[in-house]
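Notes follow the structure.
Residue numbers (the working numbering), protein chains in the order written: chain S, 19 to 140; chain C, 204 to 459.
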């Protein structure tokens, strides 16, 4: 299970972000994850509960947006939704497709609590 | 959006919303960075480092027991006079694999990952500094035997090679799409056993690989039968030659 290592990297990013913005706490985190990132959202969610302890994100809520797998066909030019292990064109069935979406592993947004005196950024 | 102060409230954080006006300001920041940003940066550095020394880096991945170390032993025996080879070995525990490689007369660095199920770019970076890259042409990185976790971590390799042994199921590419999709080459290993195993269909393995929109070649190998390695060795020669043709003249100062 590599979700713990990925959570640790997430926490590191949040610590840096909070320090840069003068935030005392991170209250919410939004991730966007596609199935072809190789990361299991449920495991990541559980790992986050452990990894955040004692950090700036100790009380942060985690929301994970799951993105669909979409491919664009290099043969017929159209795009379609696909399954992670069947990335064929939904229209003509060709296997020469390009992944348009589905491998994301992204920190999309963080909600920060910034003490009043500090001007809000972002 | 919160009506009072304009901060972003999501279903996930609305329980915290009542704290808004206790002398704090809430700000939502769009970040849009990869969760593996730090690893990816290190991987880019590793790749540039290999390249500046004219070294081809190949990341070998497979399930445990598919024959990565045996393939390396046979490859060293076959190409040892043609290329100067070095190996980075990733295992949870033991130096056994590095010892097997060193016994073939090439330098090997063992990374013991402890409980970590994969190598990452930082571990490889440390290991690279234990190798003399100026004295090498190819570095093989033997990843931890695991078809799941290693797929998510760029190490700074130039090529990913995944081994699928014929003692496994031919549907492995369908079961582990992330790993096989990331492969530049898939090696069917232990093919000398095919005559004994009537339940492994190489055509089915190829079909499962193509269903991942992968155009990676699938080559048959058998580490214990030298002729069966020809396709793999030729692939290595071609990739190494391509990298060499593409490598800029050595720079006097290499950014670390």
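For glycine and all other residues, C-beta sits at the position ideal for the given N, C-alpha and C. Predicted, not measured: the structure shown is a model, and the values here were computed from it.
N-terminal and C-terminal residue of the beta strand (DSSP E) that residue 109 of chain S is part of = Segment: none, residue 109 of chain S is in no beta strand (DSSP E) and carries neither H nor E.
Any idea what DSSP makes of residue 247 of chain C, helix, strand or coil?
-> Judged by DSSP in its simplified three-state form, residue 247 of chain C adopts helix.
Using alpha carbons as the reference points, say which of C:343, C:382, C:394, C:359 lies closest to residue 325 of chain C.
-> That would be C:359, whose Cα lies nearest to the Cα of residue 325 of chain C.
Inspect the beta-carbon positions of residue 346 of chain C and residue 262 of chain C and report whether they are closer than 7 Å.
-> Cβ distance < 7 Å, so residue 346 of chain C and residue 262 of chain C count as in contact.
Would you give the residue range spanned by the beta strand (DSSP E) that residue 289 of chain C belongs to?
-> Residue range 288-294 is occupied by the beta strand (DSSP E) that includes residue 289 of chain C.
Bridge partners of residue 128 of chain S, per DSSP?
-> In the DSSP output, where bridge partners are listed per residue, residue 128 of chain S has S:47, C:232.
Where does residue 70 of chain S sit, in a helix, a strand or coil, going by DSSP?
-> DSSP places residue 70 of chain S outside both helix and strand once states are collapsed to three, so it counts as coil.
Could you check where the alpha helix (DSSP H) with residue 447 of chain C kicks off and where it finishes?
-> Here the alpha helix (DSSP H) through residue 447 of chain C covers 433-449.
Cβ-based neighbour list, residue 127 of chain S, same chain, cut-off 7 Å, excluding 5 preceding and 5 following | Around residue 127 of chain S: 48.
Simplified DSSP state of residue 403 of chain C, which is helix, strand or coil | DSSP places residue 403 of chain C in coil when its eight states are reduced to three.
Enclosing beta strand (DSSP E) for residue 275 of chain C [first to last residue] = Where residue 275 of chain C is concerned, there is no enclosing beta strand (DSSP E), although the alpha helix (DSSP H) it sits in stretches over 271-282.
So which residues of chain S does residue 315 of chain C contact, with C-beta pairs closer than 7 Å?
-> The premise fails here: residue 315 of chain C is roughly 16 Å from chain S at the closest Cβ pair, so nothing lies under 7 Å.
Taking residue 389 of chain C as part of the beta strand (DSSP E), name the residues at either end of that continuous run.
-> Boundaries of the beta strand (DSSP E) harbouring residue 389 of chain C: 388-392, taken from the DSSP string.
Buried or exposed (CB count within 10 angstroms, at least 16 for buried), residue 20 of chain S = Burial is judged here by how many other beta carbons sit within 10 angstroms of a residue's own beta carbon; residue 20 of chain S has at least 16 and is buried.
Contact list for residue 321 of chain C against chain S, beta-carbon separation under 9 Å = Result: 20, 23.
Neighbourhood of residue 29 of chain S by C-beta, 7 Å cutoff - its chain only, sequence neighbours within 5 removed | Correct list, in chain order: 69, 70, 73, 75.
Can you give, in chain order, each stretch of the alpha helix (DSSP H) that sits fully within the segment 329-386 of chain C and has at least 4 residues?
-> Taking only runs of at least 4 residues, the alpha helix (DSSP H) segments lying wholly in the segment 329-386 of chain C are 375-378, 380-384.
Beta carbon of residue 415 of chain C, beta carbon of residue 421 of chain C: below 7 Å?
-> For the pair residue 415 of chain C and residue 421 of chain C, the CB atoms are not nearer than the 7 Å cut-off.
Compare the C-beta of residue 274 of chain C against all C-beta atoms of chain S and say whether one is closer than 7 Å.
-> It does not; no Cβ of chain S falls within 7 Å.
Using CA coordinates, which residue listed in S:102, S:22, S:121, S:36 is at the minimum distance from residue 132 of chain S?
-> Among S:102, S:22, S:121, S:36, the Cα nearest to that of residue 132 of chain S is on S:36.
Three-state secondary structure (DSSP) at residue 101 of chain S?
-> Collapsing the DSSP output to three states places residue 101 of chain S in a strand.
Does residue 389 of chain C come within less than 7 Å of chain S when only Cβ atoms are used?
-> Not closer than 7 Å to any Cβ of chain S, the Cβ of residue 389 of chain C fails to qualify, so no.
Kindly list, in the order they appear in chain S, the residues whose Cβ is closer than 7 Å to that of residue 235 of chain C.
-> Below the 7 Å Cβ cutoff, chain S contributes 124, 126 as neighbours of residue 235 of chain C, in chain order.
Tell me, to the nearest whole angstrom, how far the beta carbon of residue 123 of chain S is from that of residue 237 of chain C; I am working on the premise that it is less than 8 Å.
-> That belief holds up - the Cβ atoms of residue 123 of chain S and residue 237 of chain C are roughly 6 Å apart, short of 8 Å.
Is residue 32 of chain S helix, strand or coil by DSSP?
-> In the structure shown, residue 32 of chain S sits in a helix (DSSP, three-state: H, G or I).
How many Å lie between residue 290 of chain C and residue 229 of chain C at the Cα?
-> Straight-line measurement puts the Cα of residue 229 of chain C at about 50 Å from the Cα of residue 290 of chain C.
Cβ contact check for the segment 304-318 of chain C and the segment 329-348 of chain C: 3 or more pairs under 8 Å = Short answer: they touch.
Can you find a C-beta in chain C that's less than 7 Å from the C-beta of residue 85 of chain S?
-> Judged by the 7 Å Cβ criterion, residue 85 of chain S is not in contact with chain C.
Determine, using beta carbons only, whether residue 355 of chain C comes closer than 7 Å to chain S.
-> Yes, residue 355 of chain C lies at the interface with chain S (some Cβ there is under 7 Å from its Cβ).
Top-ranked residue by Cα proximity to residue 280 of chain C, from C:390, C:382, C:429 = Taking only the C-alpha atoms, the option nearest residue 280 of chain C is C:429.
Taking the alpha carbon of residue 90 of chain S as the point to measure from, which residue in S:79, S:54, S:113, S:52 has its own alpha carbon closest?
-> Proximity to residue 90 of chain S across S:79, S:54, S:113, S:52 peaks at S:113, based on C-alpha coordinates.
Where do the N-terminal and C-terminal ends of the beta strand (DSSP E) with residue 96 of chain S fall, by residue?
-> Note, residue 96 of chain S: premise wrong, no beta strand (DSSP E); not H, not E.
Burial state of residue 247 of chain C (16 or more Cβ within 10 Å) | With a 10 Å radius around the Cβ and a threshold of 16 neighbouring Cβ atoms, residue 247 of chain C comes out exposed.
Residues of the segment 403-418 of chain C with Cβ closer than 9 Å to any Cβ of chain S, in chain order | Answer set for the segment 403-418 of chain C: 411, 413, 414, 415, 416, 417, 418.
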